[in-house]
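Step one of this worksheet: look at the structure below.
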Amino acid sequence: MNILKSWDYTRKKDKAMAKLYFKYGTMGSSKTAQALITKFNYEEKGMRVWLIKPQIDSRDEGCIIRSRIGLYSDAYVLPVQEDVYKTFLRLEEPADVIIADECQFLSEEQVNQLAMIVIEYNIPVLCFGLRTDFRTRMFPASKRLLEIADSITEIKTICACGRKATVNVRLDDEGRILTEGEQILIGGNEAYTSMCYRCYNICMRRCGW
Ligand SMILES: [Zn+2]
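Here it is as structure tokens:
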């Protein structure tokens with residue numbers, strides 16, 4: 015082995031391999047707050063964070079990510095058709111870390127592109143979002159993340175009964191559980207809450223489903 019090769023090997027061994035992270039939780043599990051706290055922690059160490067949020071509405075021009083506890087930050091709004099790998103390469107200031115909030119709204123392709131950034135540039139990518147929709151079915155991006163992420167963590171929150179909440183529940187104006195409709199609903203009057211699967215089923219039976 016020549017000297018250069020052994021030096022390269024040592025350097026590679028010393029540098030931790032970046033990972034693709036999926037941190038999922040239900041509605042109200044403080045995912046956005048955790049995404050923003052994570053951003054702050056990286057920046058405190060002098061690292062540049064590229065915060066992104068998938069665009070779910072063509073009217074969505076705002077680029078502020080806001081958590082319920084009052085934290086907020088500017089973010090890049092990523093259009094559905096955009097190649098996030100190419101956009102990453104064109105950034106004016108190269109990023110050390112990528113954080114995606116509401117990652118369930120990415121496309122499967124965009125998840126694959128983020129994974130390629132991790133592999134080819136050794137940049138950690140942290141995706142925060144929902145695992146399932148209000149019909150208890152996985153979002154395509156979340157399914158893809160569960161398939162390929164290097165690290166999968168559940169951000170837990172509890173149901174009113176004290177068990178862990180796992181279902182995102184869509185409610186109508188009168189508080190009834192909805193089980194049909196578009197996966198992504200923009201501008202409706204519906205509200206969301208989270209429940210354990212047991213309470214979800216009991217509530218549905220009470221609603222006469
Ligand atoms: Zn419950």
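All residue numbers for the sequence shown refer to the numbering used here, where the first residue is 15 and numbers rise by one. Where is the CB? At the ideal position from N, CA and C, for every residue including glycine.
Contact set for residue i: own chain, Cβ-Cβ below 6 Å, skip 5 residues either direction
i	result
Ile216	none
Ile162	Ala129
Ala205	Leu185
Pro154	Glu122
Leu85	Ala47 and Leu50
Ile83	Ala47
Thr101	none
Residue i and residue j closer than 8 Å at C-beta
i	j	result
Thr52	Ile131	no
Val183	Tyr214	yes
Leu65	Tyr90	yes
Asp115	Ala49	yes
Ile70	Ile198	yes
Pro108	Lys33	no
Tyr38	Ile169	yes
Thr150	Val181	yes
Alpha-carbon to alpha-carbon, residue j and residue i
i	j	result
Asp187	Cys221	14 Å
Met31	Asp110	13 Å
Gly42	Gln118	15 Å
Ala174	Thr207	10 Å
Tyr56	Leu105	18 Å
Ser93	Ile191	Residue identity check: residue 93 is Pro in the sequence provided, not Ser. Cα to Cα, the separation comes out at about 31 Å.
Leu120	Ile133	19 Å
Phe54	Arg177	31 Å
Val63	Cys141	13 Å
Met61	Ala179	34 Å
Met218	Asp88	39 Å
Ser81	Pro68	16 Å
Arg158	Asp164	12 Å
Glu58	Leu103	24 Å
Thr40	Glu194	19 Å
Ser44	Glu196	24 Å
Met209	Gly189	14 Å
Beta-bridge pairing of residue i - partner residues as DSSP gives them
i	result
Phe36	Cys141 and Ile166
Ala205	Leu185
Pro68	Leu92
Tyr99	In the DSSP output, where bridge partners are listed per residue, Tyr99 has none listed.
Lys53	None, per the DSSP bridge assignment.
Ser87	Ile79
Ala114	Ile66 and Cys141
Met152	Thr146
Ile198	BP columns for Ile198 are empty, so no partner.
Lys178	Ile172
Leu192	Arg184
Contacts around residue i, its chain only, beta-carbon distance under 7 Å, and the 5 residues preceding and following it disregarded
i	result
Ile166	Phe36 and Leu160
Gln127	Asp97, Val98 and Tyr99
Beta-carbon proximity list for residue i, same chain, < 8 Å, skipping 5 on both sides
i	result
Ser228	Only positions 15 to 223 of the chain appear in the structure, and residue 228 is not among them; the question remains open.
Met152	Arg145, Thr146 and Leu160
Legend entry - Cβ pair count under 8 Å reaching 3, the stretch 84-99 against the stretch 141-153: no
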